[in-house]
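With our numbering applied, the sequence shown corresponds to residues 585 to 1014, in that order.
The beta-carbon is built from N, C-alpha and C at its ideal position, and this holds for glycine as well.
Written out below as structure tokens is the structure these notes cover.
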Amino acid sequence: MTATDPGQSQLDAARRLDAEAELPSQRDHFHVPLTERGEDAIYFCGNSLGLQPRATAAHVEEIVADWQRLGVDGHRGARTPWYSYHEIFREQGARLVGARPGEVVMMNSLTVNLHLLLTSFYRPQGRRTRILMESPAFPSDIYCIRSHLEARGLEPDDHILIVEPRSGEDCLRTDDIVAAIEEAGDRLATIMMGGVNYLTGQALDLHAITEAGHRVGAVVGFDLAHAVGNIPLKLHDWNVDFAAWCSYKYLNSGPGAIAGVYVHERHGSNPELPRLAGWWGNDPDTRFRMHLEDRFIPVPSADSWQISNPPVLAMAPLRASLDLFDSIGMDSLRRRSLALTGYLRERLEAVPGRRYRITTPADADSHGCQLSIVVDEDAEAAFRTIESMGVVADFRPPATIRVAPTPLYNTFEDCHRFASMMAESFGSES
Ligand SMILES: *Cc1c(COP(=O)(O)O)cnc(C)c1O
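So, in structure tokens, the structure goes:
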């Protein structure tokens, strides 16, 4: 290769971007899987399962060792007492999603949390029985909402309103969402939508949707599975009523990790709002009076949606994750993310004769890390080709390849290498 080789000069340019980045890659804080050839994989799957922080194992081992040493006394005497383990995430969790301390609690898994929240925030009454969601939605969310209606004796098809992209378009328009909300008016009980769409990578205008929902008297909540740790959120200031997310995607807390919940303080502090109850949501002052207190007294915060005592072994990886997010801050991470994803898009769109298109919106406010690529030919075969070149990404039928350069551990060089592979396989020079 000579210095004038275009591939080499693009690689040099990508390496320069890495060297000069305002916020450098935090790759050294993560375990990066290797390809069969023993090189670092191009890991673009942080939207599905984030990589393991190097600090994770020590947090898990701390609990295993304290349990060996202390038995039941670990509840109070462990290095990080198990009794109040969920409380260590209170401040960091709130900063992560733009909430106040007491509005966020880490518990359960995502779909379970959606069920718990819908019990409180979908309260059909009189004319007001509709619930609004989007298409395409993640299957678990669809099953969750439909089964919720069925459990209350309501026919899902009659009560679920769906906003979808216009014909010939891939993404939703805020205007269409707002129009659907206004049209539903006083029939609308609840809005429950994905904050960042899992398939297209589109970030919705959560503030505008919340305001529109409140104007017609509806309660507004979001599934933030693809938004948390990806885009900056201001849930409290946007006046969002409730939200839930999982922690194994951008939050890098491991397969099936403990999920998170946000409940606006006006609801958290309202003891009249029905919650499915358990002892861990009860006021800690009376929690251990057991059978002497048979009335549930909710703690006046999001903690009152907790049911069982916290599974501390499963919660430990959250510490490594939230420490990292908190030390960097979402705003700084977002600037790096916009630069990385912007660079990848620019490179992919510059490929001559490309036989694919990007369906994720280009406007900075309307996307996170992920780019969704639809290939003209057999998309699944195209995906296998990319995989065989050392890329870890994923494929969602019928034709979408999702790639997510995450700002924590991906680099401009990763983006360069991926764009070169796409040019080779799906450009006019191939
Ligand atoms: C990842 C994801 C889920 C997964 O649900 P779990 O309960 O964590 O298995 C649900 N909804 C959305 C929108 C997702 O992106």
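Between the C-alpha atoms of residue 774 and residue 704, what's the straight-line distance to the nearest angstrom?
-> The residue given as residue 774 occupies position 190 in the sequence shown. The residue given as residue 704 occupies position 120 in the sequence shown. Spanning the two alpha carbons is a distance of roughly 11 Å.
How many whole angstroms separate the CB atoms of residue 631 and residue 843, which I take to be in contact at a CB cut-off of 8 Å?
-> In the sequence shown, the residue the question calls residue 631 occupies position 47. In the sequence shown, the residue the question calls residue 843 occupies position 259. That pair is no contact at about 16 Å.
Residue 807: beta carbon under 7 Å from a heavy atom of ligand 1?
-> Within the sequence shown, the letter at position 223 stands for residue 807. Yes, Cβ of residue 807 sits closer than 7 Å to a heavy atom of ligand 1.
Please classify residue 656: is it buried, with 16 or more other beta-carbons within 10 angstroms of its beta-carbon, or exposed?
-> Stepping through the sequence shown from its first residue, residue 656 is reached at position 72. Result: exposed.
Residue 724: CB within 7 Å of a non-hydrogen atom of ligand 1 = Taking the sequence shown and counting its residues from 1, one reaches residue 724 at position 140. Yes, ligand 1 has a heavy atom inside 7 Å of this Cβ.
Between residue 735 and ligand 1, is the CB less than 7 Å from at least one heavy atom?
-> Taking the first residue of the sequence shown as 1, we reach residue 735 at position 151. It does not: the Cβ of residue 735 is nowhere closer than 7 Å to a heavy atom of ligand 1.
Return yes when at least one heavy atom of ligand 1 lies under 7 Å from the C-beta of residue 810, else no.
-> Walking along the sequence shown from the start, residue 810 turns up at place 226. Yes, Cβ of residue 810 sits closer than 7 Å to a heavy atom of ligand 1.
How many angstroms separate the CA atom of residue 883 from the CA atom of residue 954?
-> The sequence position of residue 883 within the sequence shown is 299, counting from 1. The sequence position of residue 954 within the sequence shown is 370, counting from 1. If I take the Cα positions, the gap works out to 38 Å.
C-beta contact flag for residue 747 and residue 764 at 8 Å = Indexing the sequence shown from 1 puts residue 747 at position 163. Indexing the sequence shown from 1 puts residue 764 at position 180. Yes.
When the Cα of residue 629 is compared with those of 1002, 804 and 911, which residue comes out closest?
-> As a first step, residue 629 must be located in the sequence shown, where it is residue number 45. Closest option to residue 629, Cα to Cα, is 1002.
Give me the Cα-Cα distance between residue 858 and residue 961, rounded to the nearest whole angstrom.
-> Residue mapping note: residue 858 aligns to position 274 of the sequence shown, counting from 1. Residue mapping note: residue 961 aligns to position 377 of the sequence shown, counting from 1. Taking the straight line from one Cα to the other gives about 51 Å.
Determine the burial state of residue 735: buried for a count of at least 16 other Cβ atoms within 10 Å of its Cβ, exposed for fewer.
-> Indexing the sequence shown from 1 puts residue 735 at position 151. Residue 735 comes out exposed.
Would you say the beta carbon of residue 778 comes nearer than 7 Å to a heavy atom of ligand 1?
-> In the sequence shown, counting from the first residue as 1, residue 778 sits at position 194. Correct: residue 778 has its Cβ closer than 7 Å to ligand 1.
Reducing DSSP to helix, strand and coil, say where residue 697 ends up.
-> Residue numbering aside, residue 697 sits at position 113 when the sequence shown is read from its first letter. Here residue 697 sits in helix by DSSP.
Backbone secondary structure at residue 1004 - three-state DSSP | Walking along the sequence shown from the start, residue 1004 turns up at place 420. Correct three-state label for residue 1004: helix.
When the distance is taken between beta carbons, is residue 800 closer than 8 Å to residue 770?
-> Your numbering for residue 770 matches position 186 in the sequence shown. Your numbering for residue 800 matches position 216 in the sequence shown. Yes. Within cutoff.
What span of residues does the beta strand (DSSP E) with residue 978 cover, start to end?
-> Against the sequence shown, residue 978 aligns to sequence position 394. Bounds of the beta strand (DSSP E) holding residue 978 are 978-980.
The alpha helix (DSSP H) spanning residue 970 covers which residue range?
-> Here residue 970 refers to the residue found at position 386 when the sequence shown is read from its first residue. Counting along the chain, the alpha helix (DSSP H) containing residue 970 begins and ends at 963-972.
Can you give me the Cβ contacts of residue 618 inside the same chain, cut-off strictly under 8 Å, excluding the 5 residues immediately before and after it?
-> In the sequence shown, the residue the question calls residue 618 occupies position 34. Around residue 618, the same chain offers 624 and 625 as residues with beta carbons nearer than 8 Å, after the five sequence neighbours per side are excluded.
Backbone CA spacing between residue 669 and residue 966 [nearest angstrom] = On the sequence shown, residue 669 is found 85 positions in, with the first residue counted as 1. On the sequence shown, residue 966 is found 382 positions in, with the first residue counted as 1. Residue 669 and residue 966: Cα-Cα distance of roughly 46 Å.
Go ahead and pull the three-state DSSP assignment for residue 803.
-> Your numbering for residue 803 matches position 219 in the sequence shown. It is a strand residue.
Going by C-alpha distance, which of 749, 990, 983 and 970 is nearest residue 914?
-> As a position in the sequence shown, residue 914 is number 330, starting the count at 1. Residue 914 has its Cα closest to that of 990, out of 749, 990, 983 and 970.
May I have the straight-line CA-CA distance separating residue 772 from residue 718, to the nearest angstrom?
-> Counted from its first residue, the sequence shown places residue 772 at position 188. Counted from its first residue, the sequence shown places residue 718 at position 134. Rounded to whole angstroms, residue 772 to residue 718 spans 14 Å at the Cα level.
Proximity test, residue 758 beta-carbon vs ligand 1 heavy atom, cut-off 7 Å | The residue labelled residue 758 in the question sits at position 174 within the sequence shown. Because no heavy atom of ligand 1 lies under 7 Å away, the Cβ of residue 758 does not count as near it: no.
Does the beta carbon of residue 888 come closer than 8 Å to any beta carbon on chain B?
-> No chain B appears in the structure shown, which is made up of a single protein chain.
When you compare each of 660, 666 and 1009 to residue 643 by their alpha carbons, which one comes out closest?
-> If you number the sequence shown from 1, residue 643 lands on position 59. Ranking the options by Cα distance to residue 643, first place goes to 666.
Would the beta-carbon of residue 984 fall within 8 Å of that of residue 783?
-> The residue given as residue 984 occupies position 400 in the sequence shown. The residue given as residue 783 occupies position 199 in the sequence shown. Taking 8 Å as the Cβ cut-off, residue 984 and residue 783 qualify as a contacting pair.
Run through DSSP, which three-state label would residue 812 get?
-> Numbered from 1 along the sequence shown, position 228 holds the residue referred to as residue 812. DSSP places residue 812 in coil when its eight states are reduced to three.
Is residue 613 closer than 8 Å to residue 908 when the C-beta atoms are compared?
-> Reading the sequence shown from its first residue, position 324 is the one you call residue 908. Reading the sequence shown from its first residue, position 29 is the one you call residue 613. Contact flag set, yes.
State yes or no: is the C-beta of residue 659 within less than 8 Å of the C-beta of residue 787?
-> As a position in the sequence shown, residue 659 is number 75, starting the count at 1. As a position in the sequence shown, residue 787 is number 203, starting the count at 1. Contact flag unset, no.
Inside the segment 814-850 only - beta strand (DSSP E) runs reaching at least 3 residues = Unbroken beta strand (DSSP E) runs of no fewer than 3 residues, entirely contained in the segment 814-850, are found at 826-829 and 844-847, following chain order.
Between which two residues does the alpha helix (DSSP H) containing residue 773 stretch?
-> Residue 773 sits at position 189 when you count from the first residue of the sequence shown. Unbroken run through residue 773 is the beta strand (DSSP E), 772-778; no alpha helix (DSSP H).
Nearest-angstrom Cα separation, counted from residue 975 out to residue 622 = For the purposes of this step, residue 622 is identified with residue 38 of the sequence shown, where counting begins at 1. For the purposes of this step, residue 975 is identified with residue 391 of the sequence shown, where counting begins at 1. Residue 622 and residue 975: Cα-Cα distance of roughly 13 Å.
Just the Cα atoms here: how many angstroms apart are residue 941 and residue 848?
-> Translated into the one-based positions of the sequence shown, residue 941 becomes position 357. Translated into the one-based positions of the sequence shown, residue 848 becomes position 264. Residue 941 and residue 848 have their alpha carbons spaced roughly 39 Å apart.
Distance between residue 715 and residue 743 (C-alpha atoms, nearest Å) | Mapped onto the sequence shown, residue 743 falls at position 159. Mapped onto the sequence shown, residue 715 falls at position 131. Rounded to the nearest angstrom, the two C-alpha atoms are 6 Å apart.
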